[in-house]
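In my numbering, the protein residues as written are -9 to 208. Virtual Cβ for every residue (Gly too), placed ideally from N, Cα, C.
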Amino acid sequence: LSLWSDEWPLRSATPTPSPLVPDKIEDELEMTMVCHRPEGLEQLEAQTNFTKRELQVLYRGFKNECPSGVVNEETFKQIYAQFFPHGDASMYAHYLFHAFDTTQTGSVKFEDFVTALSILLRGTVHEKLRWTFNLYDINKDGYINKEEMMDIVKAIYDMMGKYTYPVLKEDTPRQHVDVFFQKMDKNKDGIVTLDEFLESCQEDDNIMRSLQLFQNVM
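Laid out in structure tokens, this is it:
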């Protein structure tokens, strides 16, 4: 399960074949009563790195999981938990949901979902890093402190469960964060700015590899 692979979202977004699934996205929109209808596909095609056909496939998958056209946090957690049965994905799904919910409305529309997916799949390195910074900046104050980084990293370890190999020690997340933060907090003021984050990630191959490993669980 990796958002860094072009293959996963299109494959997973395709619902189980059913005679009830229409061939055209326009037919589906006409046939289904929804609480929210997405922006025109042409507009989303212009705003993202997906083709119209890819957007159609993604939309069918989104509607298959979320018939109302929007997903709330509880549903998002339930969907995410299916992919990580051996761990507790609830906290990471919580943080990820709020990164997708850019308007902080408490729900994620198809537009929110596909915009984030476009960045994570086909965005530039700079765009991916900015999105990752926003994920780690839990309280959205423009900075990452050590507690926020610890919360995200611990949530990832909790989600991966006790069946990882080699088996992780309890203090592994803290050690990981200590190394990350020491490298990123260049002026030692206790916070990591966006500029520090971008600079540290792009100049340190180890950090880039670790971040990419963590992003693979999205």
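By DSSP's assignment, Asn62 forms a beta bridge with Ser97.
By the C-beta density criterion, Val115 is exposed, having fewer than 16 other C-beta atoms within 10 angstroms. For Gly180 and Ile197, the gap between their C-alpha atoms comes out near 19 Å.
For Asp185, the enclosing alpha helix (DSSP H) covers residues 184 to 193.
Taking C-beta atoms as the reference points, Lys67 and Ala83 count as a pair closer than 8 Å.
Inclusion of Ile134 and Trp121 in the CB contact set at 8 Å is not warranted, their separation being larger than that value. A Cβ-Cβ contact shorter than 8 Å links Leu125 with Tyr85.
Counting the other Cβ atoms within 10 Å of the Cβ of Gly96 gives fewer than 16, which makes it exposed.
Beta-bridge partners assigned by DSSP to Asn135: Ile181. Taking C-beta atoms as the reference points, Met139 and Val167 count as a pair closer than 8 Å. Contact annotation: Cys191 and Leu107 have beta-carbon atoms that are not nearer than 8 Å.
Per DSSP, Ala83 is one residue of the alpha helix (DSSP H) stretching across 80 to 90.
DSSP, read as helix, strand or coil, puts Pro163 in helix. By a beta-carbon distance limit of 8 Å, Phe103 does not contact Phe123. Their separation comes to about 19 Å. If you draw a straight line from the Cα of Gly151 to the Cα of Glu35, it is about 37 Å long.
A distance below 7 Å between beta-carbons, with the five flanking residues on each side excluded, links Ile69 to the following residues of its chain, in chain order: Glu55. For Gly30, the number of other beta carbons within 10 angstroms of its own is below 16, and it is reported as exposed.
Between Ser80 and the set Leu188, Thr92, Glu64, the nearest pair of CA atoms involves Glu64.
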